[in-house]
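Residue numbers (our numbering), protein chains in the order written: chain A, 1355 to 1611; chain B, 152 to 481. We put the beta carbon where it would ideally sit given N, CA and C, even for glycine. This structure is a prediction, so every number in the text was calculated from the model and none was measured.
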């Protein structure tokens, strides 16, 4: 029996007049990989930020490992959940290595000095994301795909138990999308960890996620195992566009008509 | 085994310390009576009753150390403002702190308050400006873009008031007012205060450095990595503003140090605040010591306002560094 890492109860969330969820219930267990699908403007990013504790909810409860979100200190929370953002970081240039190393911040002592183990972890994650050799590059000279992989390496270096990702496949070429999602799933779909990611590509979601949250954008949602939810009826309803499912080499693929 | 990214910056910090010591020495040696390096060490510690001893201990040392303290404080305030606003154009004066101080000081000069009142008036004016901006920008949610815009507009308002006071002032008082506006260390002969402020500011900023690094990644990312970003922003705003207020009260609105010292360090050593903070302090302090030495000797016995020289000296040096740094990237 695996434990629940993230529990959401009766979550109500809205921006202005738009209702994102009215009474959302969600139980994310250790080792699982969830995908959030929904049309533009459905509030996927806002929901993700709310679950991360970066945006206030209207009502309801969010618990990590059974403990209320509000009971965590910011630093303790950063050890439990990590976020991959969709927006571009701006500001001043640093090197790729420094940026990835920033992921260790929640684990550092009061002096804020990284130990050799921290440095090694960052170096290993840079290698796993295929960025070896770019450690001293100015982050502003990286390509979009390299920057996205740097963000993934930073999240892996942070080593949270629950990873909340906003479109991790952004800026990545199709081959890198598969490699990075395999890497993320391998890392987080293990005991003690879990993954929740907003995706736009339904085929990636069906391939990598064992559970789906379909967010309609008017307060309605569907949540459950991918096999049960990924039907032509549900996906046509979600995107207001006719879809068909086909088998390609034993994989179910979605086709928008 | 990867090396700590800051290891390679340690030799640079050592060089900057040498630069700081060298600039202090140069400043003590040069002046109306030049003192050879061979005598300087002895004169620093042994009172031989000579004129040189009195010149060093009563005039040059206090002024040099004041310049060191004020330069370091301005560089520190610049680093903090740039981190707060995530804007490379930010300098300690961008949010109107010096403007508030200037209006108060010029007002005091206009109504004929004695010299001893000028520094307290400047500090009061700066603090009033800090509080006013905070009230205007803090309404509802805290947002640094809004803080920046409000501050820039407030600074513009102060400079209109400065022009207003200048146009009312009798011609006799104008040179004194202009010296203050450009920044001048002629009256800064009590180094204990600026040095103490520098030390406190430096320690607090070093303690904040890891969080400042994350703040540069943006508010969302910093918050996700465990920084209480709103508290941090308010704390940096108050700290940077108070440091600026102190520097301006002591020596007037000396320009350019707070803008270029942080950038010089960024170009030389990257943007990790654990190096940036002490490095910028050393560069800013050395620059102001050298500029002030030039200000009191170039057209001796007359003196120039040091603020004119910081800009004249800083612009070409900065352009050179910028050229080198961008040349390397290609």
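9 angstroms Cβ cut-off: residues of chain B touching residue i
i	result
residue 1548/A	Simply none; closest approach about 17 angstroms.
residue 1462/A	361
Own chain partners of residue i with C-beta closer than 7 angstroms, once the 5 adjacent residues on each side are dropped
i	result
residue 1528/A	none
residue 1376/A	1366, 1573
residue 413/B	226, 229, 230, 233, 427, 431
residue 1484/A	1503
residue 301/B	284, 287, 288
residue 164/B	426, 429, 430
Contacting residues, own chain, Cβ-Cβ under 6 angstroms from residue i (five flanking each side not counted)
i	result
residue 481/B	Because the pLDDT of residue 481/B is 45, which lies under 50, any placement of that residue in the model is unreliable, and the question is left without a value.
residue 403/B	331, 334, 335
residue 1355/A	Only weak support is given to the placement of residue 1355/A: the predicted model assigns it a pLDDT of 48, under 50, and the value that follows is read from those uncertain coordinates. Around residue 1355/A: no qualifying Cβ.
residue 344/B	none
residue 1457/A	1508, 1511, 1512
Within chain B, the residues that residue i reaches when beta carbons sit closer than 7 angstroms
i	result
residue 1437/A	375
residue 1459/A	361, 365, 376, 377
residue 1451/A	156
residue 1429/A	377
residue 1408/A	371, 374, 375
residue 1456/A	364, 365, 368, 376
8 angstroms contact criterion, which residue i and residue j should meet: CB distance rounded
i	j	result
residue 1505/A	residue 1553/A	So it is not a contact: roughly 16 angstroms between Cβ atoms.
residue 1429/A	residue 369/B	Contact doesn't hold; Cβ gap of about 18 angstroms is too wide.
residue 342/B	residue 220/B	6 angstroms
residue 1526/A	residue 1502/A	6 angstroms
residue 1622/A	residue 417/B	A query on residue 1622/A cannot be resolved here, the shown segment of chain A reaching from 1355 to 1611 and no further.
residue 1612/A	residue 1358/A	Residue 1612/A falls outside the range modelled here, since chain A spans only 1355 to 1611, and no answer is possible.
residue 325/B	residue 317/B	7 angstroms
residue 1454/A	residue 1507/A	5 angstroms
residue 1518/A	residue 1405/A	6 angstroms
residue 357/B	residue 243/B	Actually they do not touch by this definition, with Cβ atoms about 18 angstroms apart.
residue 383/B	residue 366/B	6 angstroms
Close beta carbons around residue i, own chain, < 8 angstroms, minus the five adjacent residues each side
i	result
residue 168/B	433
residue 327/B	260
residue 1489/A	1449, 1450, 1451, 1477, 1480
residue 1606/A	1560, 1584, 1599, 1600
residue 441/B	174, 177, 178, 464
For residue i, the residue or residues it bridges with in DSSP
i	result
residue 1358/A	1383/A
residue 1390/A	1552/A, 1567/A
residue 1435/A	1516/A
residue 1598/A	1609/A
Under 9 angstroms from the C-beta of residue i: neighbouring residues of chain A
i	result
residue 403/B	Those do not exist, as residue 403/B stays about 29 angstroms from chain A at its closest Cβ, beyond 9 angstroms.
residue 456/B	None at all; the shortest Cβ gap to chain A is about 31 angstroms.
residue 102/B	Since the first residue shown for chain B is 152 and the last is 481, residue 102/B is missing from the structure and cannot be characterised.
Neighbour list for residue i in chain B, Cβ cutoff strictly below 8 angstroms
i	result
residue 1468/A	155
residue 1512/A	376
residue 1507/A	Those within 8 angstroms of residue 1507/A in chain B number zero; the least Cβ separation is about 13 angstroms.
residue 1432/A	375, 376, 377
Neighbouring residues, chain A, relative to residue i (Cβ below 8 angstroms)
i	result
residue 423/B	1448, 1452
residue 211/B	In chain order: nothing, as chain A lies at least about 38 angstroms away.
residue 239/B	1446
Residue i: contacting residues in chain A (beta-carbon distance under 7 angstroms)
i	result
residue 372/B	1439, 1443
residue 417/B	1446
Any non-hydrogen atom of the ligand MN closer than 7 angstroms to residue i Cβ
i	result
residue 446/B	Among the components modelled here there is no ligand, and therefore nothing to report on the ligand MN.
Any chance the stretch 273 to 284 of chain B sits against the stretch 390 to 402 of chain B, with 3 or more Cβ pairs inside 8 angstroms? yes
Any contact of the stretch 420 to 427 of chain B with the stretch 456 to 476 of chain B, i.e. 3+ C-beta pairs under 8 angstroms? no
Contact between the stretch 1590 to 1606 of chain A and the stretch 155 to 164 of chain B is defined here as three or more beta-carbon pairs at a separation below 8 angstroms; is this criterion met? no
Counting Cβ pairs closer than 8 angstroms, one from the stretch 1384 to 1396 of chain A and one from the stretch 1558 to 1568 of chain A, do we hit at least three? yes
Spell out a yes or no on whether the stretch 233 to 253 of chain B and the stretch 305 to 312 of chain B are touching, meaning 3 or more CB-CB pairs, one atom from each, closer than 8 angstroms. yes
With a threshold of 8 angstroms, are at least 3 pairs of Cβ atoms found where one atom belongs to the stretch 1469 to 1479 of chain A and the other to the stretch 1499 to 1514 of chain A? yes
Evaluate the contact criterion for the stretch 223 to 243 of chain B versus the stretch 192 to 210 of chain B: three or more CB pairs, one atom per stretch, below 8 angstroms. no
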